[in-house]
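Participant:
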Amino acid sequence: MSTSHPEITGIQFPAEGKYRIVPGRSTVSFTTSHLFGLGKVRGSFRIEDGLIHVADPVGGSSARATIAAASVDTGNSTRDSMLRSPTYLDATAHPHITFASDRLEESEGALLLHGTLTVRESTAPVQLRVDSSEADATTVRLTASCRIDRYAFAITAMKAMTGRWQTMLLDVTAERD
232 MSTSHPEITG IQFPAEGKYR IVPGRSTVSF TTSHLFGLGK VRGSFRIEDG
282 LIHVADPVGG SSARATIAAA SVDTGNSTRD SMLRSPTYLD ATAHPHITFA
332 SDRLEESEGA LLLHGTLTVR ESTAPVQLRV DSSEADATTV RLTASCRIDR
382 YAFAITAMKA MTGRWQTMLL DVTAERD
């Protein structure tokens, strides 16, 4: 078993093994547009749990995470209630948003984690771009980003008032399991 991995695309990998995501030290934030694209909305979700598996070779690495749909927070309680409603996330009937990946690859100078995102029982492929990684003997902190099309998850209400695309930013801290 190796104790560290080489850099790929400027990203230093943590040691091979399993790392449990620390919910209180991890965030999923997003930015989208509203009002015909004239305004920006920023918000976040809470990660409930997750696991990162760093493999050797690193291309076999994977991750999974569970996000609380009802934890959406934009700083506007009226908007947040609408986002939790059946019109958007339907958080009562579908309390979890899940991500599961199956491979990591370098492509055109970027490090991509390929997986699927499930929202309201709709699953679509997602590629997370790993932007940075810091690790010590027991902890890893990763940042990643992606762009999500809400239409891919059958969330198509209020087309003119709510942006179709969300830019997601993940800041995840995980500890060796």
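For the sequence shown, the working numbering gives the first residue as 232, with consecutive numbering after it. Every residue, glycine too, gets a C-beta built ideally from N, C-alpha and C.
Under the rule that 16 or more other beta-carbon atoms within 10 Å means buried, what is Met392, buried or exposed?
Facilitator: Exposed: under 16 other Cβ atoms inside 10 Å.
Participant: Would you decide whether Tyr319 is buried or exposed? Buried here means 16 or more other CB atoms lie within 10 Å of its CB.
Facilitator: Buried is the call here.
Participant: Where does Pro356 land, buried or exposed, given buried means 16+ other C-beta within 10 angstroms?
Facilitator: Label assigned to Pro356: exposed.
Participant: Can you tell which of Asp280, Thr263, Asn307 has the C-alpha that lies nearest to the C-alpha of Ala294?
Facilitator: When each option's Cα is compared against that of Ala294, the closest is Asp280.
Participant: Go through its chain and collect everything with a Cβ distance to Gln397's Cβ below 6 Å, but skip five positions before and after it.
Facilitator: Hits under 6 Å: Phe261, Thr263, Ile379.
Participant: Please identify the residue among Glu352, Glu337, Glu406, Glu339 whose C-alpha is closest to the C-alpha of Glu365.
Facilitator: That would be Glu406, whose Cα lies nearest to the Cα of Glu365.
Participant: Note down, in chain order, each residue of its chain lying with its Cβ closer than 6 Å to the Cβ of Arg372, except the 5 sequence neighbours on either side.
Facilitator: Once the five neighbours on either side are set aside, the close Cβ partners of Arg372 are Glu365, Thr404.
Participant: Could you check if Met232 is buried or exposed, using at least 16 other CB atoms within 10 Å of its CB as the buried criterion?
Facilitator: Note that Met232 has pLDDT 33, beneath the 50 cutoff, so the model's placement of it is unreliable and no number is given.
Participant: What do you reckon, are the CB atoms on Gly274 and Asp304 nearer than 8 Å?
Facilitator: Going by C-beta atoms, Gly274 is nearer than 8 Å to Asp304.
Participant: Name the two residues that bound the continuous beta strand (DSSP E) containing Arg277.
Facilitator: Start and end: 270-285.
Participant: Could you pull out every residue in the same chain whose Cβ sits closer than 6 Å to the Cβ of Ser257, ignoring the five residues on either side in sequence?
Facilitator: Only Ile278, Val403, Thr404 meet the Cβ criterion.
Participant: Could you check the C-alpha separation between Gly270 and Ile242 for me, to the nearest Å?
Facilitator: Roughly 34 Å between the two C-alpha positions.
Participant: If I measure Cβ to Cβ from Pro326 and keep anything under 8 Å in the same chain, skipping five residues before and after, which residues do I get?
Facilitator: For Pro326, where only same-chain residues beyond five positions count, the Cβ hits under 8 Å are Ala299, Ala300, Ala301.
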